[in-house]
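All the letters of the sequence shown, read from the start, carry residue numbers 4 to 990 under the numbering used here.
Okay, so here's the structure we're looking at.
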Amino acid sequence: MSSIADAVAKTAEQNGFQLLSSQPLTEIDGTAHVMTHTASGARLLYLRNDDENKAFSISFKTPAADDTGVFHILEHSVLCGSDKFPVKEPFVNLLKSSMQTFLNAMTFPDKTMYPVASTNEQDLENLMDVYLDAVFHPLIYQKPTIFQQEGWHLEVRPLEDEPLEEAAGDARAGLAYNGVVFNEMKGALSDPDSVLYDALSAALFPDTTYRFESGGVPESIVDLTYEQFLDNHRRHYRPDNSYIVLYGNLDLERFLGFINRNYLAPLAAQSAASAPNPLQLQAPVRALGVRKPMATAPENAACAAAFVAGTAHDRRRVLACDILLDAIIGSNESPMKRALLDAQLADDAGAFLADAMAQPFAVIQLKGLRPGKTVEDLHALVQKEAQRLAGGGLDRELVRAALSHAEFVMRERNFGYPDGVLLSMSALSGWLYNEADAISYLRYDEDFAALKQALDEGYFEQLLRELVLENPHMATVELVPQEQPEDGKLKAALAQMADTMSEDELAEVERQEAELRAAQDQPDSPEVLASLPTLSRNDIKAMPAEPPCAMADNTPIPCLRHTIPTRGIVFAYRYFDLSRLSFEELPYATILAMVLGKLDTAQRTAAELDTLAQSKLGNLAFFTEVHEDALERTSYTAKFVVSVSCLSENIDCAAELPDEILLESNFHDYGKIRDILNQKRVTIEQGCTNAGHSAAMARVASYYLPAAVVREQMGGMDFYFFLKDLIEHFDERKEALAERLQEVAKRLFTRDGCIVSFTGSDEDFQRFWAMGPALKLANSAVAARLIAAKPTPKNEAFIVPSDVSYTAMGYDRRLFDGPFTGVWMLVSRILCYDYLWNEVRVKGGAYGAGFQMTRPGSMRFYSYRDPHIDETIARFEGSGEWLSAFAPAEDEMTGYVVSTVAGIDTPLKPREMMRRQDAQFFQHLDKELRERIRSEVINATPEAVRDLGPALTRATDHRMICTVGSKELIETSAEPFTVIDLFNSGN
């Protein structure tokens, strides 16, 4: 045993743990130590390295036994107060007051996870303490209202136009279900992808937990009783069913001692409850031609074929399946995807591997299924193409490229999570199903080396045969559009319930509803709030030093030179000036970004381009963006961006390939362009259905903000209408489209309109410029043409197939208030985690709500998966009055300051840091201004917060609104909307 392992073993033993294994883990530049808690049976994995962004997580094996979503409701509910911390919303209090860099909880099909991360060790201990008390000692046993709030409850609603006060006590009154998870899942199951995935899981695993929707199905959620809810907590939230992960540069003795002393040792003496739900493997089944009805637009019909890839125990095979799918269907030029697109079965085709489960499975999916086409057509073509590829048609260079790209992605680990959280999730992909397998999903060096060797030995051809052609365990499912809303059965059942209820029964519903409202309205006492661990302003460190960024000397094109450490990875961006285009031409810039890299060039076919990029580059992307000036209200900068990343040894490709694509692409391949346009339409429509708050927020900003008008033209509703019209008239416009794209490219891609941004070593920087990037571009000046349309105040509602709504309300703060100060950052956090959380989520039942303020001045409220529109708008409008009366205790105010500064100082990965510095450059957000804003946050007072209440009220008096969502909710709203049926509109 190494000296490190000896020390860890001693520390573990002294604190009630037994060290089972210690191994070096080069993938994290550290070591992995697997332990068990001797008395309680809890499992613990310590991932030791020098990362200061430390993490803790505790997870439980929670296989669902039905569609009630009990573990999803438990995930929400245990974070609503515990014995040691009896506040109503400790989760929210931590968001308000800690230095967390990650704080969340997640329900998976077979596990529930509670991860946190922080750069401050005391803060991480505080977070861990609250989470451990929450999962082991929640207040759900004493407070049934928690279950009602987070899960479901009945409410009395007026019939037709009858006032609610007159409906009270009237057996004729209507009833409605409400609850945070109930409404969340109404929204989630409005997404065709989610419904199709659930149907595939049910078909593949008819005898195991995976046949159930772990998040819950609304019709079944309301069947869950309070007693069943508690029973599932007793049986599953116990130490011997837990998996704990510690990560980073932390004091192991401190953390093990705390966990043992405060939680595991006391719990070990308790008698065991009944056994948790079993997690079993499914015997092979073939379920072909399953039809699943769903209320969605006809053009969003979909189907899929799914193939079980094996078990989680075979990490290498699971990884190989993921790589194989990327090779054969990862891009438009991948052979199987090209065959599916050419067959014109659907608007788009794709594939993914559903892993992090006992039996991972591969999915090949069609979106926008064409009329008359069926899942049988998909299955037949997949079989035919798999036969061809496995029989000698599989280009091994394509697989080699996919393998290389997968390795780059694994090394970069840029998945939007702190490394400690991501690695905790990855560890459970093996550990949950085999207690001796805690780190196989963290290792990948050996697997990649083995797969590279096996590639030339026919491994992937054989894998394709086993996966698709000879697989005894598979399913095919077709999603069939229907007219009736998904909640039709629930409404019918509620109507029948209301008709048959006696006055006494209805009064009992009202009593319980009133009891819930009273609990929600009751504030936490100062004594209860004092139970939460806190930090002080003294815990705030100096503003973290950022790696310098400045314009480089002696480069042929202006270059922002970053000095961010990247461990051998190069990142380069090229920013082209979109002011060279007219406002009417901006949609073509977006289409240009969509098609570049997916069409033939003068030197290579699109398939060859794809293989080269996959093999040599980590990332190659084209997109548009708009930066608002931090100081000037109407000023903004619009850019066409080319992004590329690679390992140092492939810098020649990063320097040269973008020029070839920008200057030599063939815009006359109309079939490929049509495919790309249709794929984009499907993506936008599904985004509006399942994440409509993003579309609503972007749209509402365009009513008052010049920069947002430009964004809408390039990627919002206006672009969607442009895209739909172009698709409908494609045959008659395709030649003009090709000419327009050529003209736009010629005008955009010039040297004098370009700024390069680069991070990498000094040697890489010199090599990059020696390759002559962008030097092939013309050096011709082009006059600015962009004159955006003026913002027009509107109130719009866009109908999409959904049972919930997403409402955004916005306005320009600068019309009603002075310059932006750091106090507005505090206001944003205060509104999000106090007023809006309580009013819109807790009381209103929406899954989410928030307030965003940009430095340039845009103010936006939003709700997410919301059962209301008018009530939510009224709550938005009440924010100014509430803020004017804001009177926090000293600890509460300090918490807001600490957490806001922590958000400013959150550690970023190299790509994220580079993008932030680039944005600051274009926004004219210099270091002095950033330091001033941060200082204003630190020194803010409650009075300064209250002083902004009147400005908020003045602005809400002039508010503009955009809603995306349910037809019924929109049509019954009293708001004077201009209503647009988004998918059926002729706009």
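Just so it is clear, CB atoms sit at the ideal spot from N, CA and C, and this is done for glycine as well.
Treat the numbers as computed from the prediction; the structure is a model and nothing was measured.
DSSP beta-bridge partners of residue i
i	result
ALA575	VAL647, PHE761
GLN368	ALA307, GLY353
LEU426	Per DSSP, none; premise fails for LEU426.
ASP53	Bridge partners of ASP53: none, in fact.
THR981	GLU799
PHE626	VAL644
PRO296	VAL483
LYS64	LYS114
THR604	SER668
N- and C-terminal bounds of the alpha helix (DSSP H) containing residue i
i	result
GLY883	882-887
VAL385	378-391
THR558	Counting along the chain, THR558 falls outside any alpha helix (DSSP H), and DSSP gives it neither H nor E.
GLY718	709-718
GLY695	695-704
ALA596	589-598
LEU994	One cannot answer for residue 994 here, as it falls past the ends of the chain, which runs 4 to 990.
GLU153	147-153
GLU667	654-667
THR566	Careful: THR566 lies outside any alpha helix (DSSP H) and carries neither H nor E.
GLN456	448-458
PHE1029	A query on residue 1029 cannot be resolved here, the shown segment of the chain reaching from 4 to 990 and no further.
PHE463	462-467
VAL288	Note, VAL288: premise wrong, no alpha helix (DSSP H); not H, not E.
Burial state of residue i (16 or more Cβ within 10 Å)
i	result
LEU519	buried
ALA383	exposed
GLN362	buried
ILE790	exposed
HIS961	exposed
GLY978	The question names Gly, yet the displayed sequence has Glu at residue 978. So GLU978 ends up on the exposed side.
LEU612	buried
GLY821	exposed
ASN782	exposed
LEU22	buried
GLU128	buried
GLY491	exposed
LYS1019	A query on residue 1019 cannot be resolved here, the shown segment of the chain reaching from 4 to 990 and no further.
LYS99	buried
LEU778	exposed
TYR144	exposed
Where the beta strand (DSSP E) containing residue i begins and where it ends
i	result
CYS965	963-968
THR115	114-121
ASN181	177-181
PRO553	The sequence shown places Ala at residue 553, rather than the Pro named in the question. First-last of the beta strand (DSSP E) with ALA553: 552-554.
ARG160	156-160
ALA35	33-40
PRO27	20-28
GLN103	103-106
Residue i Cβ short of 7 Å to the ligand FAD heavy atom set
i	result
ILE654	In terms of ligand content, the structure shown is empty, and the ligand FAD therefore cannot be addressed.
Complete runs of the beta strand (DSSP E) confined to the stretch 472-513 [at least 3 residues]: 477-485
Segment contact, 8 Å Cβ cut-off, at least three pairs: the stretch 724-738 with the stretch 671-689: yes
Start-end ranges of the alpha helix (DSSP H) lying completely within the stretch 811-892, minimum 4 residues: 825-833, 873-880, 882-887
Are the stretch 937-955 and the stretch 756-774 touching, with three or more C-beta to C-beta distances below 8 Å? no
In chain order, each alpha helix (DSSP H) run of at least 4 residues that lies wholly inside the stretch 229-286: 229-239, 255-262, 268-271
Is it the case that the stretch 107-119 contacts the stretch 351-365, given that we only count it when at least three CB pairs across the two stretches are under 8 Å? yes
Pair every Cβ in the stretch 286-304 with every Cβ in the stretch 45-59, then say whether three or more of these pairs are closer than 8 Å. no
Pairing CB atoms from the stretch 951-958 with CB atoms from the stretch 874-888, are three or more of them under 8 Å? yes
Taking one C-beta from the stretch 384-396 and one from the stretch 311-324 each time, how about it: are there three or more such pairs within less than 8 Å? no
Going along the chain, which unbroken runs of the alpha helix (DSSP H) with 4 or more residues stay wholly within the stretch 898-963? 913-926, 930-941, 945-949, 952-959
Pairing CB atoms from the stretch 93-104 with CB atoms from the stretch 902-922, are three or more of them under 8 Å? yes
Could you say if the stretch 615-625 and the stretch 654-671 meet the contact criterion of at least three C-beta pairs nearer than 8 Å? yes
Between the stretch 741-750 and the stretch 588-596, do at least 3 Cβ pairs fall closer than 8 Å? yes
Decide if the stretch 202-219 is in contact with the stretch 32-44; the criterion is three or more beta carbon pairs, one per stretch, under 8 Å apart. no
The stretch 908-921 / the stretch 545-565 touching (three or more Cβ pairs under 8 Å): yes
Between the stretch 407-426 and the stretch 621-637, are three or more C-beta pairs nearer than 8 Å? yes
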